[in-house]
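Report on the following structure.
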Amino acid sequence: MPVLQKLSTHQREILIRAILVGFAAGLWFSVLYTFLIVLLVLAWLIDDSAATFRQMIAQPLVQSVLVLCALLLLGLFWSEAPFEGRHKWTKYFLLLVYLPFLALLNRQRLPWVIGAVLAGYCLVLFAGLYEWRVESRQGIPAFNMSYLTFSAMLGVGCVVTCCFACLCRNTAVRFCLAAGSLALLYIQFHQSARGFLLATLLTLAVMLTVHFRITLRKFAAAVVPALLVTLLLAYTSPVVQERWTQAKEDIERMQLGHFNSSIGYRIALWDVGLYGIAQKPLLGQGTGMPEQFFDQTVVHYKQGLYQNLPDFQQTSHYHNDWIEIGMQLGVLGLGSLLFLLRAWYRTFDQNGLTLPGICVVSFIVISGITETFLTFGRIPVLLLVLTAVAVSWQREATGSSRAADDNR
């Protein structure tokens with residue numbers, strides 16, 4: 061720190077921009093993740109012009125993230141085994157990167173950060189395309205990225221691009237953005253993640269309904285072409301057909317009492333999870349307990365109906381944001397999750413970005429039905445980065461407009 065304090069203002073600015081660019085472009089590389097976060101906090105400490113913690117705490121999204129993280133730490137006190145298991149709950153603390161990232165953004169740094177975000181996204185996108193088209197593989201092994209994360213990344217890109225198309229006033233640009241959104245959706249249809257594909261489709265439906273203020277009659281008229289496009293994409297995707305066949309086989313196996321399948325395993329997790337929440341509804345089982353609770357409970361729960369599932373797959377999470385946080389913190393955790401989603405929407409809405417706020421929250425909520433979306437690490441952080449960029453851009457644009465009005 062003393063060495064960094066000796067740097068001139070210009071040198072510090074170059075260093076801070078380099079850190080911001082490195083973080084925005086490199087958040088996909090799991091090897092660099094911890095190192096980049098440390099550098100981001102360091103940049104916040106040495107930047108004299110950055111917003112202070114006291115100023116940041118006034119932001120609703122910052123408040124909600126801090127509340128969630130504080131409750132998770134508090135939940136360690138009534139957890140029976142806080143330091144056992146895979147510690148999936150620690151991924152919630154990655155949401156804290158929103159504080160230093162937003163604090164460092166200003167008008168001069170925004171173009172650099174936006175360029176870095178786009179460059180990083182395109183790099184991962186092209187890598188995923190290579191794996192899909194050339195290697196015939198799902199996900200991106202080089203980035204330690206599963207097919208679920210890649211599909212979620214495609215879904216975020218599709219929703220954001222379509223949202224920009226709705227807000228853009230230039231017809232040519234709007235057409236290009238819509239085409240880009242459709243292209244990302246086409247690629248997502250060729251990934252094996254059913255939950256994230258459904259989240260993308262439903263979020264797009266919510267977005268278009270809100271943006272065009274579609275009435276019931278218009279909605280009925282729009283359903284037919286939208287359904288035809290969806291069916292066409294599904295028909296041309298062998299992956300979708302394969303997963304549909306697998307889903308029917310999973311349901312048939314469940315009817316025979318076998319839950320060692322993708323859908324069956326989720327049903328079992330949700331069943332045991334709701335049972336665990338009902339046992340301790342106020343404070344939950346404690347932070348870090350969901351994994352151990354499942355492995356211990358399935359031995360005797362419902363006469364051992366699910367007792368073989370820990371051998372089928374190592375217990376990691378409950379494939380549902382609400383059950384996961386409810387298992388750990390009960391009603392207290394569910395309230396903090398609602399607070400987080402409401403604050404996320406308010407952050408957009410207070411800056412005149414209502415439609416993006418609806419889209420982001422819708423995607424998080426729908427994705428969280430079949431996955432513990434907030435523990436995915438890179439995708440929630442990507443949404444936070446996009447949120448910070450959008451808020452800062454709008455804030456700078458509003459400030460410039462006000463300054464121009466004052467000069468008149």
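Numbering-wise (my numbering), the sequence shown opens with residue 61 and increments by one. The beta-carbon is built from N, C-alpha and C at its ideal position, and this holds for glycine as well. Values in this document were obtained by computation on a predicted structure and should not be read as measured data.
Three-state secondary structure (DSSP) of residue i
i	result
Met205	strand
Ile513	A question about residue 513 goes unanswered here, because the residues of the chain that appear run from 61 up to 468.
Glu140	coil
Tyr246	helix
Trp192	helix
Trp104	helix
Gln251	coil
Asn332	For the sequence presented, residue 332 should be read as Val rather than Asn. In this structure, Val332 counts as helix in the three-state DSSP scheme.
Ser321	coil
Leu92	coil
Ala463	Because the pLDDT of Ala463 is 49, which lies under 50, any placement of that residue in the model is unreliable, and the question is left without a value.
Ser68	coil
Met349	coil
Gly344	coil
Leu87	coil
Ile117	coil
His271	helix
Gln168	coil
Gly437	coil
Thr260	helix
Thr296	coil
Leu316	coil
Thr432	coil
Residue burial classification, residue i (beta-carbon count within 10 angstroms, cutoff 16)
i	result
Arg438	buried
Gln204	Position check: residue 204 holds Asn in this sequence, whereas Gln was assumed. Its Cβ having fewer than 16 others within 10 Å, Asn204 is exposed.
Gly344	buried
Ile74	exposed
Asp107	buried
Leu288	exposed
Tyr190	exposed
Val332	buried
Val194	exposed
Phe272	exposed
Ala463	Confidence in Ala463 is poor, its pLDDT being 49 and thus under 50, which makes the residue's placement unreliable; the coordinate value appears in the next sentence. Under this definition Ala463 is an exposed residue.
Gln71	exposed
Leu397	buried
Phe249	buried
Ile76	buried
Ile117	exposed
Residues near residue i in its chain [Cβ-Cβ closer than 6 Å; skip 5 each side]
i	result
Tyr405	Gly417, Val421
Glu384	His377, Tyr378, Thr432
Gln198	Tyr207, Ser252
Cys228	Arg234
Ala110	Trp104, Ala163, Leu164
Asn411	Val451, Gln454
Residues near residue i in its chain [Cβ-Cβ closer than 7 Å; skip 5 each side]
i	result
Arg254	Arg303
Tyr246	Leu293
Thr221	Leu237, Gly240, Ser241, Leu244
Gly393	Leu131, Gly344, Ile385, Gly386
Ala78	none
Chain-order list of residues whose beta-carbon lies under 8 Å from that of residue i (same chain, five-residue window excluded)
i	result
Asp310	Ser321, Ser322, Ile323, Gly324
Tyr152	Leu128, Cys129, Leu132, Leu434, Thr435
Asp409	Gly417
Residue j beta carbon less than 8 Å from that of residue i
i	j	result
Leu400	Val216	no
Leu100	Phe83	yes
Met314	Phe353	no
Ile426	Ala212	no
Tyr366	Ala328	yes
Leu369	Val358	yes
Val122	Tyr181	no
Val173	Val98	no
Ala85	Ala163	no
Leu413	Ala457	no
Thr407	Gly135	no
Thr290	Leu261	yes
Phe186	Ile200	no
Leu446	Cys226	no
Trp219	Phe436	A small correction: the amino acid at residue 219 is Val; Trp does not occupy that position in the sequence shown. It is not a contact, given that the beta carbons lie outside the stated cut-off.
Pro440	Leu154	yes
Closer than 8 Å to chain D by CB, residue i
i	result
Leu329	The structure shown has no chain D; it contains just one protein chain.
Which parts of the segment 354-419 are runs of the beta strand (DSSP E), unbroken and 3 residues or longer, counting only runs that do not cross its ends?
-> The segment 354-419 contains no whole beta strand (DSSP E) run of 3 or more residues.
Complete alpha helix (DSSP H) runs within the segment 207-246 (minimum length 4 residues, chain order) = As far as the segment 207-246 is concerned, its whole alpha helix (DSSP H) runs of at least 4 residues are 207-227.
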